[in-house]
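Undergrad:
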Ligand code: ADP
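Residue numbers (my numbering): 117 to 428.
Below you can see the structure in the form of C-alpha cells.
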C-alpha cells in the first residue's frame, strides 16, 4: 500500500500559488526526501499531508484516508515535527514527554513515556532540564515527542537544521531504525548527504515538483555531463570556461573543479579548448546530486524571471 498517494495538489495563499499541481506518492516503510529552495512549498505540502491544511485543488489519500474527508484520522496517525518545535524549557525530558502523552490521551501514560525514552536512548537523561540540552539532544526529544503516539507516518520538516554532523548522523540512524520497524518517513532537508540517505527523493522548486526517484535515477534523469579539472591553472581555466557555450556550472571541490553542462558535445569542445590553452588535467567525472539540484534551481529561477518579465 502507498502511505501517501496525492494527485494534482494546489494550495494558494491569496493570489499566490504556493503548491502548484503536485502529484506525489510514498511507499509504506520508505524514507522519502523533500528538497528544494526556500519558499518552494515544502512546508505547505507537508502540512497538507498531515491534515493541517486543506488543498484548494487535488485529491488523494494519506495512510489510506481521504485527504479532505478524513483529516482528523490522518492527524491521529501522523507524527509531525515542525521546523521550530517547542517544549517547556523548565521541565525535564521526562516531564515534557508526560505532558505530550496526556495531550494525546495515551494510557497508561507512564508506559508510553518509558518505552519512548528507551527507544530513543533518553532514559539516562530523563531528569535533565530540556532547556539545557544541546541541539542534538533537543532534536531527539522533539522526535520522541512526535513518535510517542506510535504514528504510522512521520513528517519531518528540516529536523536537523543547525545540528552538528555527529548528531545528524545519529538522528538519521534513528530514522532508519524507525523505518525498519515499518514507519513511513517524509523528511525535508537542505543537506545533500541527508538526501543520499533517503530511499527516494522529490525535488520541488517554486511550487512545482520537478523530479522524483532514487538518487541514482534523479542524477541519470537530469542528463548532465561532468568534467573534472585539476592542476595549478585550473582556476584560470575556470575563468575562461565561464563564458564558453555548453558550460552551465563550474564549482570548486577541494583541489579540483567540476564543470557541468547539459549539451555533451558543446561541453566537451569547451573543456578541450581549455586544456589546449592551460596546463590542466581534464577528465570525465561523476555528476553529483548537488550539481543536479543547482541546475534545477537555476533553470526554474530563469523560468520564473521570464514569467515575471512577460507579465509586465
Ligand atoms: P518551504 O518550506 O519550501 O520553504 P513554504 O511552504 O514554507 O516553503 O512556503 C512557500 C511560500 O508560501 C512562501 O512564499 C511563504 O511565504 C508562503 N506561505 C506559507 N504559509 C503561508 C500563509 N499561511 N499565508 C501566506 N503565505 C504563506
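All C-beta atoms in this analysis are idealised placements derived from N, C-alpha and C, irrespective of residue type, glycine included.
Between residue 339 and the ligand ADP, is the CB less than 7 Å from at least one heavy atom?
TA: The answer is no for residue 339.
Undergrad: List the endpoints of the continuous beta strand (DSSP E) containing residue 225.
TA: Counting along the chain, residue 225 falls outside any beta strand (DSSP E), though it belongs to the alpha helix (DSSP H) covering 225-235.
Undergrad: Is it buried or exposed, residue 117, if we count other Cβ atoms within 10 angstroms and call 16 or more buried?
TA: Answer is exposed; the Cβ neighbour count stays below 16.
Undergrad: Give the C-beta separation of residue 307 and residue 416 to the nearest angstrom, bearing in mind that I take them to be a contact with Cβ-Cβ under 8 Å.
TA: Rounded, the Cβ-Cβ distance is 20 Å, inconsistent with contact.
Undergrad: Residue range of the alpha helix (DSSP H) that residue 215 falls in?
TA: Where residue 215 is concerned, the enclosing alpha helix (DSSP H) stretches over 209-219.
Undergrad: By the three-class DSSP mapping on this structure, what secondary structure does residue 165 have?
TA: If DSSP states are grouped into helix, strand and coil, residue 165 belongs with the helices.
Undergrad: Note down, in chain order, each residue of its chain lying with its Cβ closer than 7 Å to the Cβ of residue 64, except the 5 sequence neighbours on either side.
TA: Since the first residue shown for the chain is 117 and the last is 428, residue 64 is missing from the structure and cannot be characterised.
Undergrad: Between the Cα of residue 314 and those of 137, 394, 292, 393, spot the shortest distance and give me the residue it belongs to.
TA: Of the candidates 137, 394, 292, 393, the one whose C-alpha sits nearest the C-alpha of residue 314 is 292.
Undergrad: Would residue 215 pass as a contact of residue 204 if the rule is Cβ separation under 8 Å?
TA: Contact flag set, yes.
Undergrad: Span of the alpha helix (DSSP H) holding residue 287?
TA: Looking at the DSSP string, the run of the alpha helix (DSSP H) that includes residue 287 is 281-296.
Undergrad: Give the DSSP-derived three-state secondary structure of residue 415 in the structure shown.
TA: Three-state result, residue 415: helix.
Undergrad: Cβ atoms of residue 268 and residue 299: under 8 Å apart, would you say?
TA: Contact flag set, yes.
Undergrad: Helix, strand or coil, according to DSSP, for residue 351 in the structure here?
TA: In this structure, residue 351 counts as helix in the three-state DSSP scheme.
Undergrad: In angstroms with no decimal places, state the Cα-to-Cα distance between residue 296 and residue 146.
TA: Taking the straight line joining both Cα atoms gives about 9 Å.
Undergrad: What does DSSP give as the partner residue(s) for residue 400 in the beta ladder?
TA: Its beta-bridge partners are 343.
Undergrad: Would you kindly check if the distance between the Cβ of residue 208 and the Cβ of residue 256 is under 8 Å?
TA: Not in contact: residue 256 and residue 208 (Cβ atoms no closer than 8 Å).
Undergrad: Terminal residues of the continuous alpha helix (DSSP H) containing residue 309?
TA: Counting along the chain, the alpha helix (DSSP H) containing residue 309 begins and ends at 308-311.
Undergrad: Sorted by chain position, which residues of the same chain lie with C-beta nearer than 8 Å to residue 124's C-beta, five sequence neighbours on each side aside?
TA: 137, 138, 139, 173, 174, 175.
Undergrad: Any heavy atom of the ligand ADP closer than 7 Å to the Cβ of residue 409?
TA: No, Cβ of residue 409 sits at least 7 Å from all heavy atoms of the ligand ADP.
Undergrad: Should residue 154 be labelled buried (16 or more other beta-carbon atoms within 10 Å of its own) or exposed?
TA: Per the 10 Å Cβ criterion, exposed.
Undergrad: By the three-class DSSP mapping on this structure, what secondary structure does residue 302 have?
TA: Note: residue 302 maps to strand in three-state DSSP.
Undergrad: Run through DSSP, which three-state label would residue 376 get?
TA: Reduced to three states, the DSSP call for residue 376 is strand.
Undergrad: Run the Cβ filter for me: residues under 6 Å from any heavy atom of the ligand ADP, listed in the order they occur in the chain.
TA: My final list is 129, 134, 152, 154, 155, 156, 157, 158, 159, 160.
Undergrad: State the Cα-Cα distance for the pair residue 135 and residue 126, rounded to the nearest angstrom.
TA: Straight-line Cα distance between these residues: approximately 5 Å.
Undergrad: Would you call the segment 318-335 and the segment 380-400 in contact, with 3 or more CB pairs under 8 Å?
TA: The answer is no - the segment 380-400 does not touch the segment 318-335, with fewer than three Cβ pairs under 8 Å.
Undergrad: At which residues does the beta strand (DSSP E) containing residue 325 begin and terminate?
TA: 324-329 is the span of the beta strand (DSSP E), which, as asked, contains residue 325.
Undergrad: Would you mind reading off the limits of the beta strand (DSSP E) that contains residue 321?
TA: 316-321 is the span of the beta strand (DSSP E), which, as asked, contains residue 321.
Undergrad: Within this structure, are the beta carbons of residue 317 and residue 149 separated by less than 8 Å?
TA: Their beta carbons are under 8 Å apart, which means residue 317 touches residue 149 by this criterion.
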